[in-house]
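Residue numbers for the sequence shown follow the numbering used here, so the first one is 811 and each next one is one higher.
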Amino acid sequence: MNQPIEQHQRNWRLRWISEPLLKIFRRITPRMSQTEREALDAGSVWWDGELFSGRPKWKKLRQLPTPQLSAEEQAFLDGPVDELCSMLNDWEITTEREDLPPEAWEFIKKNGFFSLIIPKS
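Laid out in C-alpha coordinates, this is it:
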(Lines of atoms letter the chains of each structure in order from A and count residues from 1; the text may use other names and numbers.)
(Lines give C-alpha, C1' and ligand atoms only; values in the text may rest on other atoms or scores of the structure.)
Protein backbone atom coordinates (compact mmCIF):
# COMPACT_ATOMS: atom_id res chain seq x y z
CA MET A 1 0.00 0.00 0.00
CA ASN A 2 2.89 2.38 0.64
CA GLN A 3 4.43 1.84 -2.79
CA PRO A 4 1.83 3.85 -4.73
CA ILE A 5 2.23 6.73 -2.25
CA GLU A 6 6.03 6.58 -2.46
CA GLN A 7 5.87 6.47 -6.26
CA HIS A 8 3.51 9.45 -6.29
CA GLN A 9 5.85 11.39 -3.96
CA ARG A 10 8.81 10.53 -6.18
CA ASN A 11 6.97 11.60 -9.34
CA TRP A 12 5.80 14.82 -7.67
CA ARG A 13 9.33 15.61 -6.42
CA LEU A 14 10.81 14.97 -9.86
CA ARG A 15 8.22 17.07 -11.69
CA TRP A 16 7.99 20.03 -9.32
CA ILE A 17 11.42 20.19 -7.68
CA SER A 18 14.18 18.20 -9.38
CA GLU A 19 13.39 18.91 -13.03
CA PRO A 20 12.88 22.69 -12.58
CA LEU A 21 16.09 22.94 -10.54
CA LEU A 22 17.98 20.95 -13.16
CA LYS A 23 16.76 23.32 -15.89
CA ILE A 24 18.00 26.31 -13.87
CA PHE A 25 21.39 24.71 -13.22
CA ARG A 26 21.80 23.75 -16.87
CA ARG A 27 21.05 27.33 -17.90
CA ILE A 28 23.55 28.93 -15.47
CA THR A 29 26.31 26.31 -15.66
CA PRO A 30 28.93 26.97 -18.34
CA ARG A 31 29.12 24.47 -21.17
CA MET A 32 31.84 21.87 -21.01
CA SER A 33 34.66 22.58 -23.44
CA GLN A 34 35.83 20.00 -25.95
CA THR A 35 39.10 19.66 -24.01
CA GLU A 36 37.24 18.96 -20.77
CA ARG A 37 35.06 16.40 -22.52
CA GLU A 38 38.12 14.68 -24.02
CA ALA A 39 39.80 14.57 -20.62
CA LEU A 40 36.74 12.98 -19.07
CA ASP A 41 36.41 10.48 -21.89
CA ALA A 42 40.11 9.60 -21.88
CA GLY A 43 39.63 7.20 -19.00
CA SER A 44 42.83 8.23 -17.29
CA VAL A 45 41.35 10.58 -14.73
CA TRP A 46 40.63 7.94 -12.06
CA TRP A 47 37.52 8.54 -9.99
CA ASP A 48 37.63 12.34 -10.18
CA GLY A 49 36.42 11.94 -13.77
CA GLU A 50 33.27 10.45 -12.28
CA LEU A 51 32.94 13.38 -9.92
CA PHE A 52 33.34 16.02 -12.60
CA SER A 53 30.99 14.22 -14.97
CA GLY A 54 28.14 15.55 -12.86
CA ARG A 55 26.72 12.12 -12.11
CA PRO A 56 29.31 10.26 -10.04
CA LYS A 57 28.80 6.59 -9.30
CA TRP A 58 29.43 6.59 -5.55
CA LYS A 59 29.27 2.81 -5.40
CA LYS A 60 32.24 2.71 -7.78
CA LEU A 61 34.24 4.91 -5.36
CA ARG A 62 33.40 2.68 -2.41
CA GLN A 63 34.57 -0.38 -4.38
CA LEU A 64 38.02 1.04 -5.15
CA PRO A 65 40.85 -0.37 -3.04
CA THR A 66 42.01 1.84 -0.19
CA PRO A 67 45.37 3.40 -1.09
CA GLN A 68 48.24 2.44 1.20
CA LEU A 69 51.44 4.32 1.88
CA SER A 70 54.69 2.64 0.98
CA ALA A 71 57.17 1.95 3.78
CA GLU A 72 59.28 4.85 2.49
CA GLU A 73 56.32 7.25 2.52
CA GLN A 74 55.31 6.17 6.03
CA ALA A 75 58.90 6.62 7.21
CA PHE A 76 58.93 10.17 5.79
CA LEU A 77 55.73 10.98 7.70
CA ASP A 78 56.97 9.37 10.91
CA GLY A 79 60.40 11.00 10.67
CA PRO A 80 60.93 14.39 9.00
CA VAL A 81 57.24 15.41 8.95
CA ASP A 82 56.80 14.70 12.67
CA GLU A 83 60.05 16.50 13.42
CA LEU A 84 58.97 19.55 11.40
CA CYS A 85 55.57 19.62 13.13
CA SER A 86 57.27 19.55 16.53
CA MET A 87 59.30 22.62 15.50
CA LEU A 88 56.23 24.70 14.67
CA ASN A 89 53.92 26.76 16.87
CA ASP A 90 50.82 27.84 14.98
CA TRP A 91 50.05 30.74 17.32
CA GLU A 92 53.56 32.13 16.98
CA ILE A 93 53.56 31.67 13.21
CA THR A 94 50.16 33.27 12.55
CA THR A 95 50.03 36.05 15.14
CA GLU A 96 53.59 37.05 15.95
CA ARG A 97 55.97 36.12 13.15
CA GLU A 98 53.58 35.84 10.21
CA ASP A 99 56.14 33.42 8.82
CA LEU A 100 57.86 30.17 9.66
CA PRO A 101 60.95 30.41 11.87
CA PRO A 102 64.24 30.39 9.91
CA GLU A 103 65.22 26.99 11.37
CA ALA A 104 61.97 25.51 10.03
CA TRP A 105 62.70 26.87 6.54
CA GLU A 106 66.19 25.35 6.71
CA PHE A 107 64.77 22.01 7.82
CA ILE A 108 62.24 22.09 4.95
CA LYS A 109 65.00 22.78 2.42
CA LYS A 110 67.40 20.23 3.90
CA ASN A 111 64.80 17.44 3.89
CA GLY A 112 63.42 18.10 0.41
CA PHE A 113 59.86 19.01 1.36
CA PHE A 114 59.49 21.08 -1.82
CA SER A 115 61.38 18.66 -4.06
CA LEU A 116 59.98 17.44 -7.33
CA ILE A 117 58.98 13.82 -6.95
CA ILE A 118 60.42 11.70 -9.74
CA PRO A 119 59.24 8.09 -9.89
CA LYS A 120 61.97 5.55 -9.24
CA SER A 121 62.78 3.42 -12.27
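Cβ atoms here follow ideal geometry from the backbone N, Cα and C, with glycine treated the same way.
Using 8 angstroms as the threshold, is the C-beta distance between residue i and residue j below it?
| i | j | result |
| --- | --- | --- |
| Ser863 | Leu871 | no |
| Leu898 | Ala881 | no |
Measuring straight from C-alpha to C-alpha, what distance separates residue i and residue j?
| i | j | result |
| --- | --- | --- |
| Glu906 | Arg836 | 48 angstroms |
| Gly859 | Gln844 | 15 angstroms |
| Lys869 | Ser828 | 22 angstroms |
| Trp826 | Lys833 | 11 angstroms |
| Glu908 | Trp822 | 55 angstroms |
| Trp856 | Lys867 | 12 angstroms |
| Trp879 | Pro911 | For the sequence presented, residue 879 should be read as Leu rather than Trp. Computed Cα separation, rounded: 30 angstroms. |
| Glu902 | Phe923 | 21 angstroms |
State the CB to CB distance for the pair residue i and residue j, rounded to an integer number of angstroms; the pair is presumed to be in contact (CB under 8 angstroms).
| i | j | result |
| --- | --- | --- |
| Phe917 | Leu887 | About 15 angstroms; that fails the 8 angstroms criterion. |
| Pro875 | Asn921 | No, Pro875 and Asn921 are not in contact; Cβ-Cβ is about 30 angstroms, not under 8 angstroms. |
So what's residue i in DSSP terms, helix, strand or just coil?
| i | result |
| --- | --- |
| Ala914 | helix |
| Leu902 | One point to set straight first is that residue 902 is Glu, not Leu, in the sequence displayed. Reduced to three states, the DSSP call for Glu902 is helix. |
| Asp888 | helix |
| Asn821 | helix |
| Ala881 | helix |
| Leu874 | coil |
| Met897 | helix |
| Gly859 | helix |
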